[in-house]
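Worksheet: one structure, shown below.
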Ligand SMILES: [Zn+2]
Ligand SMILES: [Zn+2]
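Residue numbers (the working numbering), protein chains in the order written: chain A, 1 to 133; chain B, 134 to 446.
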């Protein structure tokens, strides 16, 4: 491998990624409903039995509560959905009708769900019960 | 150093670029979710980095092979049948390597890079490891040098194998003709390999020929009622290039550093990916088990084709 090949490759790489961006392929998915959130969670975690779900107002995230204190956190990653599974409740905080879940991983980041004041408070309490259990 | 044959991969790269572009344009018209700009960029940069890493370590691998070749069992040389035989044996060596790459965490830490995209397109094919040398992936073809296949012939064969595997990373091709699907690795077979659906985990390790999976019981056919979901069990959720390249090595180092006891430490290196000393994590085996308990295997809608029977292991 010489420098010319390497530079040529990098030019091709950025050109292809640039074309993908210009074409507008790969728009982020929205989690449209509680039903969709349950389905995504069950797909992400084999054997998961979802009970209830909190879905962000814009479908940008969801939190799905299952049996046996299992919780699946969903958020878009590019054009796909990435998930994390918790046994017991992850740390969370409420402000301005938003429920903020800490994934505990720096590279995955925190996930914010816009739920509205009442729902956000209800879910925070729900998670609180789970972590005390 | 022996006189080397031309590196087929170098000649193929311009074709790779053109084919990625064509597939991207098809996706744009047919299913725009097949590509994602940041995912494509990460894949292609990982591919570029992989060729740099390969260039840095390549000569050491060649030197080691040549050194072993002097202790060869047979003087095979460049006879015509050796060219045919070497493709079969190199492909078998790839199968063994690839199966271990999924079942031993030390090898997986390197191979996981190839699986770290949630997309399945031609750019995914180029998402190649940076740490293949470190994870000893070259060791698997060394026995062939010891058998007596000339080293340039071996390098050529593994180059062809790598090129072959490019075109199968696509959703644009549904099925190849029946006879082809029976013998060769195809887009359909390899989609199964990249899928995280419990049914598909740890299946179809083939390089060029699917016959090894059929022979050794790791074959699974793609089904219309269980569409592949691509990626890894814990998808990265990040497009960071270096995180993609090193995340599993970092995770492994942390596990080894924090767990007490030598047996546990070794487990975190040599046991299957996801193994944990306290059973708190999922391996592909625990995932499949839960899926079976939930009746996943029999969840095909009425009238759907049953999965093809596989020979017993
Ligand atoms: Zn693999
Ligand atoms: Zn692949």
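Beta carbons are placed, not taken as given, at the ideal position from N, Cα and C, and that holds for glycine.
- Query: Can you tell me whether residue 53 of chain A is buried or exposed, with buried defined as 16 or more other CB within 10 angstroms of its CB?
  - Reply: buried
- Query: Skipping 5 residues on each side, what residues in its chain have a beta carbon closer than 7 Å to that of residue 111 of chain A?
  - Reply: Correct list, in chain order: 61, 73, 75, 101 and 103.
- Within 7 Å: the Cβ of residue 322 of chain B and any heavy atom of ligand 1? no
- For the beta strand (DSSP E) that contains residue 50 of chain A, what are its first and last residues? 50-55
- residue 201 of chain B and residue 288 of chain B closer than 8 Å at C-beta: no
- Mark residue 162 of chain B as exposed unless 16 or more other C-beta atoms lie within 10 angstroms of its C-beta, in which case mark it buried. Answer is exposed; the Cβ neighbour count stays below 16.
- Item | Residue interval of the beta strand (DSSP E) (run including residue 176 of chain B) | Counting along the chain, residue 176 of chain B falls outside any beta strand (DSSP E), though it belongs to the alpha helix (DSSP H) covering 170-202.
- Within the 8 Å Cβ cut-off, does residue 368 of chain B reach chain A? At a cut-off of 8 Å between beta carbons, residue 368 of chain B contacts chain A.
- In this structure, does DSSP put residue 75 of chain A in helix, strand or coil? strand
- Identify the contact partners of residue 362 of chain B in chain A, using a Cβ-Cβ distance below 7 Å as the criterion. Neighbours of residue 362 of chain B on chain A, chain order: 43.
- Item | Per-residue DSSP class, three states only, for residue 112 of chain A | strand
- How big is the Cα-Cα spacing for residue 63 of chain A and residue 369 of chain B? 18 Å
- Message: Considering only heavy atoms of ligand 2, does any lie closer than 7 Å to the CB of residue 326 of chain B?
- Response: yes
- Query: Where does residue 157 of chain B land, buried or exposed, given buried means 16+ other C-beta within 10 angstroms?
  - Reply: buried
- Query: Which bits of chain A does residue 331 of chain B rub up against, with CB to CB less than 8 Å?
  - Reply: 46
- Query: Taking the continuous alpha helix (DSSP H) assigned at residue 240 of chain B, which residues delimit it?
  - Reply: Residue 240 of chain B -> alpha helix (DSSP H) spans 238-248.
- Item | Helix, strand or coil at residue 343 of chain B according to DSSP, with G and I counted as helix | coil
- Message: Looking only at its chain, what residues have a beta carbon closer than 7 Å to the beta carbon of residue 177 of chain B, apart from the 5 residues adjacent to it on each side?
- Response: 256 and 259
- Flag residue 244 of chain B as yes when its Cβ comes closer than 7 Å to any non-hydrogen atom of ligand 2, and as no otherwise. no
- Query: Taking the alpha carbon of residue 226 of chain B as the point to measure from, which residue in B:405, B:341, B:307 and B:417 has its own alpha carbon closest?
  - Reply: B:341
- Query: Are the beta-carbon atoms belonging to residue 48 of chain A and residue 34 of chain A less than 8 Å from one another?
  - Reply: no
- Message: Going by DSSP in three states, residue 444 of chain B sits in which element: helix, strand or coil?
- Response: Residue placement at residue 444 of chain B cannot be trusted, given a pLDDT of 49 that sits under 50; the coordinates are not used to answer.
- Query: For the segment 168-177 of chain B against the segment 6-21 of chain A, are there 3 or more C-beta pairs whose distance is under 8 Å?
  - Reply: yes
- Going by the C-beta, is residue 258 of chain B closer than 7 Å to any heavy atom of ligand 2? yes
- Task: Can you tell me which of B:332, B:361, B:365 and B:219 puts its alpha carbon nearest to the alpha carbon of residue 351 of chain B?
- Result: B:332
- Query: Do we get a CB-CB distance below 8 Å when we pair residue 123 of chain A with the residues of chain B?
  - Reply: The C-beta of residue 123 of chain A comes no closer than 8 Å to any C-beta of chain B.
- Message: Using C-beta distances below 7 Å, list every residue in its chain close to residue 141 of chain B, excluding the 5 sequence neighbours before and after it, in chain order.
- Response: 289, 292, 293 and 296
- Task: Find out if the Cβ-Cβ distance for the pair residue 238 of chain B, residue 338 of chain B is shorter than 8 Å.
- Result: no
- Determine the contact status of residue 419 of chain B and residue 406 of chain B, defining contact as a CB-CB distance below 8 Å. no
- At least one CB of chain A closer than 8 Å to the CB of residue 387 of chain B: is that the case? no
- Message: Taking 8 Å as the threshold (C-beta atoms), are residue 78 of chain A and residue 426 of chain B in contact?
- Response: no
- Query: Out of B:217, B:320, B:422 and B:228, which has the shortest C-alpha to C-alpha gap to residue 306 of chain B?
  - Reply: B:320
- Query: Is it the case that the CB of residue 252 of chain B approaches a heavy atom of ligand 2 more closely than 7 Å?
  - Reply: no
- Message: Can you pull out the residues from the segment 371-403 of chain B whose beta carbon lies closer than 9 Å to at least one beta carbon of chain A?
- Response: 371, 372, 373, 376 and 380
- For residue 89 of chain A, does the three-state DSSP call read helix, strand or coil? Of the three classes helix, strand and coil, the one that applies to residue 89 of chain A here is coil, per DSSP.
- Would the segment 114-124 of chain A and the segment 82-99 of chain A be scored as touching if the rule is three or more Cβ pairs under 8 Å? The answer is yes - the segment 82-99 of chain A touches the segment 114-124 of chain A, with three or more Cβ pairs under 8 Å.
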